[in-house]
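In what follows, a structure is listed as structure tokens, so that the remarks can point back to it.
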Amino acid sequence: MRITMNLYYTGKDGNARKFAEEMERSGTADQIRRESGNENKGFGKDRLKEKGL
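The opening position of the sequence shown corresponds to residue 152 in our numbering, with each subsequent residue numbered one higher.
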């Protein structure tokens, strides 16, 4: 069985974006993507760049 989870961050004064950027910059997001059972469907850093973030 496959489960898809979308995460949406909200915050004031740009804090949601800062959080997402720190998750990418620190490598935490990549570590999560590499864990067994996780699939990367082209989201993350590439998706942020595509959206100009």
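For glycine and all other residues, C-beta sits at the position ideal for the given N, C-alpha and C.
Taking DSSP as the reference, what is the three-state secondary structure of Ile154? coil
Tell me which residues share the same chain as Tyr160 and place their Cβ nearer than 7 Å to its Cβ, disregarding the 5 neighbours each side in the sequence. Ala167, Phe170, Ala171
Own chain, CB closer than 8 Å to Ile183, minus 5 neighbours either side, in chain order: Asn189
Using three-state DSSP, classify Asp181 as helix, strand or coil. helix
To the nearest angstrom, how far is the alpha carbon of Met152 from that of Gly162? 33 Å
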